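Here is the structure we will look at, set down as structure tokens.
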Amino acid sequence: MIKAPDSSLFLKSFSVRGSSLSLAAICRDELSSFIDIERVQIMAKVGLFYGSTTGKTADAAEQMQTALGGDAVVDLHDISEKSAADLADYDYLIIGCPTWNIGDLQDDWDAILDDLDDVDFSGKTVAYFGTGDQVG
526 MIKAPDSSLF LKSFSVRGSS LSLAAICRDE LSSFIDIERV QIMAKVGLFY
576 GSTTGKTADA AEQMQTALGG DAVVDLHDIS EKSAADLADY DYLIIGCPTW
626 NIGDLQDDWD AILDDLDDVD FSGKTVAYFG TGDQVG
């Protein structure tokens, strides 16, 4: 578990596909410490964009979508099927990106990395989660 600076718990650990891999994921009950989830439900959806090569990050993204209230609250997007400009459609974003080997960027995110410079993130609330190799 990871604690916020004010000692309120806001991250939990999920196990993905029964493997030894676990990751920190923002959970609905604790999300209210930095996003007013009721306001999000009324005003705007959360865009969760992920890249996944082996399916583990996709599984984690689906678990997070469920934990946060399902598709009524969170739109799930595989970044390999989207462009960087699609991130601009959301005021609330969650980015999921695995790493490879000794920290290499996942291919789907690497393909749009330069395009992210053109996205205006002003006024957006962005959370990030990452999965990665335990063995390089």
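Following this note's numbering, the numbering of the sequence shown begins with 526 at its first residue and continues without gaps. Note that beta-carbon positions come from the ideal geometry of N, C-alpha and C, so glycine has one too. Model, not experiment: these values are computed from the prediction.
Taking C-beta separations shorter than 8 Å and ignoring five residues to either side along the sequence, the partners of E587 in its chain run L601, following chain order. The Cβ-Cβ distance between A569 and S577 does not fall below 7 Å. The same chain holds no residue with a CB closer than 6 Å to that of L630 once the five nearest residues on each side in sequence are set aside. When the five nearest sequence neighbours on each side are left out, the beta carbons in the same chain lying within less than 6 Å of the beta carbon of V599 are those of V571, L573, Q590, L593, in order along the chain.
For the options W625, D642, S647, L641, the alpha carbon positioned closest to that of T579 is the one of W625. Using a 10 angstroms sphere on the CB of I604, the tally of other CB atoms reaches 16 or more, which defines it as buried. If only uninterrupted beta strand (DSSP E) runs of at least 3 residues are considered, those enclosed by the region 612-651 are 617-621. Per DSSP, the continuous beta strand (DSSP E) segment holding D603 begins and ends at 599-603.
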